[in-house]
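Working notes, beginning with the structure itself.
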Amino acid sequence: MSTLLELESIRCTYQRSIAVNDLSLCVREGNIVCLLGPSGSGKSTILRAIAGLEPLTSGQILLNNEIISSQTIFLPPEKRKMGMVFQDYALFPHLTVHENICFGMRKLSKFKRKQKSEELLAVVGMDNFSERYPHELSGGQQQRIALARALAIKPKLILMDEPFSNLDIELRERLSHDVRNILKAHNMTCIMVTHDQAEAFVISDKVAVINHGKLQQWDTSYNLYHDPVNRFVAEFIGQGVFLPGVLQTPESVQTEVGLICGDRAYDWPLGSKVEVLIRPDDVKLSRAGNLFATVINKSFKGSEILYTLELPTGYKLLSALPSHSDHNLGESIPIKLDLHHLIAFQ
Ligand code: ADP
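Residue numbering for the sequence shown follows my numbering, beginning at 13 and increasing consecutively.
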């Protein structure tokens, strides 16, 4: 797979505040990439810079090895030939849903256009809406039509800013899968902004975690969860708590719940005080029963229950246990840790 888009040390500033700072990314053709981060972290600014809607203060953006944005070069948005699903790239109000979707397909025959538009309407779950006008649709429905319109022209690169944000959770999940399948079937490359990690995990091949305009980690969803490179990513992705301990060997930490070993070596001096990331799936029920924790909170999630457990020293752990064994608040339950990765921070 060749590189389609490269961001080289890009910086974007508004007045005097830096929204994107020295950020580099390399997106391969056919990949689906999410920009994930808290609100205000700079995700939309990055997307808008790629689209040609924001200038760069420094750095450059290359598409197919050609510079499209730098301090001296600026290819206007319409010449970048990217599909865009942006909140402010609204539907044409005077055109019906069908006409909106067909807007970029004028070269096709009338029959083909109708066929494509019907196919795409089915994908976004809006089969019976082809003759409606945008003002007759809800915000979420308009978003789905905008998505269909962008997919219709099969651009090489498609940019989406929170495309599923107005939709209910079930539709959001189904659409994420369907959109992923369409993008993959047509080898389209996609960059999507989201603040929802579940959505990023479903749709993307790779995720860029952004905070304060800086790239924190550029990795697969699996690695973000199991191998976060810094404390921000460890806290932002998934759930978990940090338990204090002392580095016993480069690969093990002594904590109040015992010696925790992993597959990663740390080169800090032995005896250093560290904090170990414990995920809810690391804390299991134990038959041996020599370590007990008290249930102080629980939330029912359907197939599992997420418990907050208090250890004898007062430190708390989270534990996701199958919901057929239901423990009461105040109950003391035997636990053990089952960690595959030792993630420690000083
Ligand atoms: P995100 O998409 O992650 O929510 P944005 O890229 O929208 O973040 O914003 C990044 C930072 O830039 C924020 O601090 C935001 O307040 C600021 N910002 C965004 N757009 C503008 C603008 N048009 N003028 C001034 N500041 C802006």
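Every residue, glycine too, gets a C-beta built ideally from N, C-alpha and C.
Legend entry - Lining residues of the ligand ADP - beta-carbon closer than 5 angstroms to any non-hydrogen atom, in sequence order: Y26, A31, S51, G52, S53, G54, K55, S56, T57
Inset, instruction - Excluding the 5 residues preceding and the 5 following G301 in the sequence, name in chain order all residues of the same chain whose CB lies nearer than 7 angstroms to its CB. - result: Translated into positions along the sequence shown, residue 301 becomes position 289. Hits under 7 angstroms: P346.
Legend entry - Beta-carbon proximity of S337 to E316, cut-off 7 angstroms: Looking up residue 337 in the sequence shown gives position 325. Looking up residue 316 in the sequence shown gives position 304. No, these two residues do not count as a Cβ contact at 7 angstroms.
Legend entry - Three or more C-beta pairs below 8 angstroms linking the stretch 248-256 and the stretch 51-67: Cβ pair count under 8 angstroms is below three, so no.
Inset, instruction - List the whole-angstrom C-beta distance separating V221 from L17, where the pair is believed to meet the contact cut-off of C-beta under 8 angstroms. - result: In the sequence shown, the residue the question calls residue 221 occupies position 209. In the sequence shown, the residue the question calls residue 17 occupies position 5. No, V221 and L17 are not in contact; Cβ-Cβ is about 18 angstroms, not under 8 angstroms.
Inset, instruction - Measure the C-alpha to C-alpha separation of E143 and L195 and round it to an integer number of angstroms. - result: By one-based count along the sequence shown, residue 143 stands at place 131. By one-based count along the sequence shown, residue 195 stands at place 183. About 26 angstroms.
Legend entry - Cβ-based neighbour list, F357, same chain, cut-off 8 angstroms, excluding 5 preceding and 5 following: Position 345 of the sequence shown, counted from the start, is the residue given in the question as residue 357. The residues are N242, R243, A246, F254, V286, E287, L289.
Inset, instruction - Use the C-beta contact count for S51: other C-beta atoms within 10 angstroms, 16 or more gives buried, fewer gives exposed. - result: Here residue 51 refers to the residue found at position 39 of the sequence shown. S51 is exposed by the Cβ-count criterion.
Inset, instruction - Just tell me which of A210, W280, D231 has its CA closest to the CA of D217. - result: Sequence index remark: in the sequence shown, residue 217 carries index 205 (1-based). When each option's Cα is compared against that of D217, the closest is D231.
Legend entry - Own chain partners of G283 with C-beta closer than 8 angstroms, once the 5 adjacent residues on each side are dropped: Indexing the sequence shown from 1 puts residue 283 at position 271. V258, L259, listed in sequence order.
Legend entry - CA nearest to the CA of N193, picked from F115, R92, L132, D208: In the sequence shown, the residue the question calls residue 193 occupies position 181. Nearest of F115, R92, L132, D208 to N193, Cα basis: L132.
Inset, instruction - In the DSSP assignment, find the unbroken beta strand (DSSP E) run with E20 in it and report its ends. - result: The residue given as residue 20 occupies position 8 in the sequence shown. Note, E20: beta strand (DSSP E), 15-26.
Inset, instruction - Examine the Cβ distances between the stretch 260-269 and the stretch 222-229 and report whether three or more of them are shorter than 8 angstroms. - result: Not touching, per the Cβ criterion.
Legend entry - Burial state of R118, where buried means 16 or more other Cβ atoms lie within 10 Å: Within the sequence shown, the letter at position 106 stands for residue 118. Exposed, since its Cβ has fewer than 16 Cβ neighbours within 10 Å.
Legend entry - beta strand (DSSP E) segment containing G257, residue limits: Residue mapping note: residue 257 aligns to position 245 of the sequence shown, counting from 1. Counting along the chain, the beta strand (DSSP E) containing G257 begins and ends at 253-261.
Inset, instruction - Indicate the three-state DSSP secondary structure (helix, strand or coil) for G116 in the structure shown. - result: On the sequence shown, residue 116 is found 104 positions in, with the first residue counted as 1. In this structure, G116 counts as helix in the three-state DSSP scheme.
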